[in-house]
Amino acid sequence: MEKNGNILITGAAGFIGFFLAKRLLEEGFFVVGIDNMNAYYDVGLKEERLSELLGQEAFRFERADIADAGAVREIFQRVRPRIVVNLAAQAGVRYSITNPDSYITSNIVGFYNILEACRHSCDGAAKVEHLIYASSSSVYGQNRKVPYSTQDRVDNPVSLYAATKKSNELMAHAYSKLYDIPVTGLRFFTVYGPLGRPDMAYFGFTQKMVRQEPIQLFNYGDMYRDFTYIDDIVTGIRKVMENAPGPNGDGVRYRLYNIGSSSPVNLLHFVEVLENCLMKAGVIDRPAQKEYLPMQPGDVYQTFADVTDLERDFGFCPSTPLEKGLEQFAEWYAAYYADRGRK
Ligand SMILES: NC(=O)c1ccc[n+]([C@@H]2O[C@H](COP(=O)([O-])OP(=O)(O)OC[C@H]3O[C@@H](n4cnc5c(N)ncnc54)[C@H](O)[C@@H]3O)[C@@H](O)[C@H]2O)c1
Numbered sequence: 003m004e005k006n007g008n009i010l011i012t013g014a015a016g017f018i019g020f021f022l023a024k025r026l027l028e029e030g031f032f033v034v035g036i037d038n039m040n041a042y043y044d045v046g047l048k049e050e051r052l053s054e055l056l057g058q059e060a061f062r063f064e065r066a067d068i069a070d071a072g073a074v075r076e077i078f079q080r081v082r083p084r085i086v087v088n089l090a091a092q093a094g095v096r097y098s099i100t101n102p103d104s105y106i107t108s109n110i111v112g113f114y115n116i117l118e119a120c121r122h123s124c125d126g127a128a129k130v131e132h133l134i135y136a137s138s139s140s141v142y143g144q145n146r147k148v149p150y151s152t153q154d155r156v157d158n159p160v161s162l163y164a165a166t167k168k169s170n171e172l173m174a175h176a177y178s179k180l181y182d183i184p185v186t187g188l189r190f191f192t193v194y195g196p197l198g199r200p201d202m203a204y205f206g207f208t209q210k211m212v213r214q215e216p217i218q219l220f221n222y223g224d225m226y227r228d229f230t231y232i233d234d235i236v237t238g239i240r241k242v243m244e245n246a247p248g249p250n251g252d253g254v255r256y257r258l259y260n261i262g263s264s265s266p267v268n269l270l271h272f273v274e275v276l277e278n279c280l281m282k283a284g285v286i287d288r289p290a291q292k293e294y295l296p297m298q299p300g301d302v303y304q305t306f307a308d309v310t311d312l313e314r315d316f317g318f319c320p321s322t323p324l325e326k327g328l329e330q331f332a333e334w335y336a337a338y339y340a341d342r343g344r345k
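The sequence shown begins at 3 in the working numbering and counts up by one.
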């Protein structure tokens, strides 16, 4: 991939955006990051990630809200990105019950502004060559068929978050078709790792273990999740960035892929590995107290990504074992919270 020209990443102070920006900078690319630094979770963590990027000459940061059409337009005109990776979004399933507005603002209006800016980049000399955007495994709702394939019907979302992500897929397809913008959508499954998101279960479990509070295991721990380590995800996105899609069977330069590990892990096993890693890193000194509860309404038994398309087209092959990934998380957690004297 050519090194000249800017790569624009929205949500660059976020978990995945930060690690992607870091990798691209290491490889010698120019990266512009957008983030509004909202307080959905600990802003200190976003600042921590950003401070590492800001130290690098080839990185520029734009503190902006993608829901602000004028700001997005102005940044696109000035930066003239070659490749755009849209990761900014309001994430989280449960939060969408109490804060629906932020999903519509960031995920619908914000994403529309990104599509419009890509469309109008076609008017000038610096056309966006490839837009990559984040969708989510949550679009599969309560799909019972496994593994989850992008061929499965996903018309029954069970959260507003999922509905906005499915809408993104439809909007992106329409813009790709109408304005001939090469677009790739990626349905992420549960991503974990150092500097991860405190709103996610493995992080919440860790905080509870530290406070010696019981962790809740629904369906008595009999659940399976497709966990993917952050480095594998970044490698996957990088591979996708190498090649903008050519016309598909309908003549549209649009593709949609699952990006996950494709080997679901039992929740009890996951917790056991997490406990061991946290004990080894000195974060906790005893196993977690566990509360075994029945299945919660709306929860899914299993998430399981069929990644054969991504494997076939890009040679995607996640390789980080759970033990290694959680060890990295635990070591980071120990160092980060020891430094700050808070847990
Ligand atoms: N991490 C996962 O397991 C996972 C799973 C499925 C989908 N995804 C999707 O992948 C993307 C990245 O996820 P993440 O885990 O890095 O989340 P994250 O919350 O850590 O990162 C998102 C970043 O976007 C920023 N942001 C949110 N709304 C914004 C707005 N309106 N304008 C500008 N910036 C805004 C936030 O401040 C945050 O830093 C998201 O779209 C998310 O929905 C992630």
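Quick reminder that beta carbons are idealized off the backbone N, C-alpha and C, glycines included.
As the structure is a prediction and not an experimental result, all values here were calculated from the model.
A Cβ-Cβ separation of about 6 angstroms places N260 in contact with D308 under the 8 angstroms criterion. When the beta-carbon positions are compared, N88 and Y135 come within less than 7 angstroms of each other.
When rounded, the separation of the alpha-carbon atoms in I110 and N170 is 7 angstroms. With a 10 Å radius around the Cβ and a threshold of 16 neighbouring Cβ atoms, S178 comes out buried. Every unbroken stretch of the beta strand (DSSP E) spanning 3 or more residues and falling wholly within the region 48–123 is given here in chain order: 61–65 and 83–88.
Take the alpha-carbon of P266 and the one of F229: they are about 7 angstroms apart. DSSP lists N88 and G187 as the beta-bridge partner residues of Y135.
A contact is defined here as three or more CB-CB pairs under 8 angstroms, and the region 61–70 meets this definition with respect to the region 94–114. Scanning its chain for C-beta atoms nearer than 8 angstroms, with the 5 sequence neighbours on each side dropped, one finds around N158 the residues G143 and Q144, in chain order. When distances are taken from the beta-carbon of A71 to the heavy atoms of ligand 1, even the shortest one reaches 6 angstroms or more. Counting along the chain, the unbroken beta strand (DSSP E) around G35 starts and ends at F32 to D37. A distance below 7 angstroms separates the beta carbons of L280 and A332. Inter-segment contact for the region 232–241 and the region 5–14 is absent: fewer than three beta-carbon pairs are separated by less than 8 angstroms. Within 6 angstroms of the C-beta of G300 there is not a single heavy atom belonging to ligand 1. Straight across, the Cα-Cα distance linking Y204 with G19 is about 19 angstroms. Comparing C-alpha distances from G223 to each of M211, F272, E50 and P83 shows the shortest one belongs to F272.
About 6 angstroms separates the beta carbon of I11 from that of V33, a gap short enough to meet the 8 angstroms contact definition. Of the residues assessed, E28 falls on the exposed side of the cut-off, its CB having fewer than 16 other CB atoms within 10 angstroms. When secondary structure is reduced to three states using DSSP, Q209 falls in the helix class.
Between the beta-carbon of E50 and that of K24 there is about 12 angstroms, and that puts the pair past the 8 angstroms contact cut.
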